[in-house]
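Numbering (the numbering used here), first residue to last: 1458 to 1663.
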């Protein structure tokens, strides 16, 4: 929606074809991507808060709600289209932002921890898929520590595990590219800047 409003283009026709923040950066610029990421984070958090308001005595519902939000984000019923073989395909993001939002809804102080780790990977390595996987991994680690010291229920660890599995499943094509060494690099990153500088230097010598 943000890309459509700003540029008139369909974000599904740009870059990876996903609707998440990183691909919106490619399609409409940094600030449009940031706004998209914020809204996706709030989507995950709101699902927890809504579940808590409806069923305050069931922590399991509060965990399943953001899992549902991630699934809805990755495979949106509002973004179904037919492929070249006339088969219906769901479109969406990879789930990193709503996964972070879900963790934030379960324990608000986790946000700066996970966000800082994710931002560090995004702005240095510049690989969105690796950033998304890192987000899920940090969520698991934080909830494991919280459960170990007795500050949180151990069931929250399973939220992190399920979320990470969904992220990895959505990122299967990207993981293959990552292992092959040809995954996309975000230009708004140290790695992207260094690559662009190297390419410009090589072009000037030709």
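Ideal Cβ positions, reconstructed from N, Cα and C, are used throughout, including at glycine.
| Query | Result |
| --- | --- |
| Determine the DSSP secondary structure at residue 1535, reduced to helix, strand or coil. | strand |
| With a threshold of 8 Å, are at least 3 pairs of Cβ atoms found where one atom belongs to the stretch 1622-1640 and the other to the stretch 1567-1579? | no |
| Enumerate in chain order the residues of its own chain whose CB-to-CB distance from residue 1746 is below 8 Å, with the five nearest sequence positions on each side excluded. | Outside the displayed span of the chain (1458 to 1663) sits residue 1746, for which this structure offers no information. |
| Using a 10 Å radius around the Cβ and a threshold of 16 neighbouring Cβ atoms, would you call residue 1555 buried or exposed? | buried |
| Mapping DSSP to helix, strand and coil, what is residue 1609? | coil |
| State the CB to CB distance for the pair residue 1553 and residue 1592, rounded to an integer number of angstroms; the pair is presumed to be in contact (CB under 8 Å). | 5 Å |
| Within its chain, find whatever has a CB closer than 6 Å to the CB of residue 1497; leave out the 5 residues flanking it on each side and keep chain order. | 1554 and 1555 |
| Would residue 1476 pass as a contact of residue 1575 if the rule is Cβ separation under 8 Å? | no |
| Look at residue 1627 and residue 1560 and say whether their C-beta atoms are less than 8 Å apart. | no |
| Do residue 1625 and residue 1694 come within 8 Å of each other at the CB atom, strictly closer than that value? | Only positions 1458 to 1663 of the chain appear in the structure, and residue 1694 is not among them; the question remains open. |
| Residue 1558 and residue 1523 - do their beta-carbons sit closer together than 8 Å? | yes |
| Where residue 1529 and residue 1651 are concerned, what is the direct C-alpha to C-alpha distance, given to the nearest angstrom? | 36 Å |
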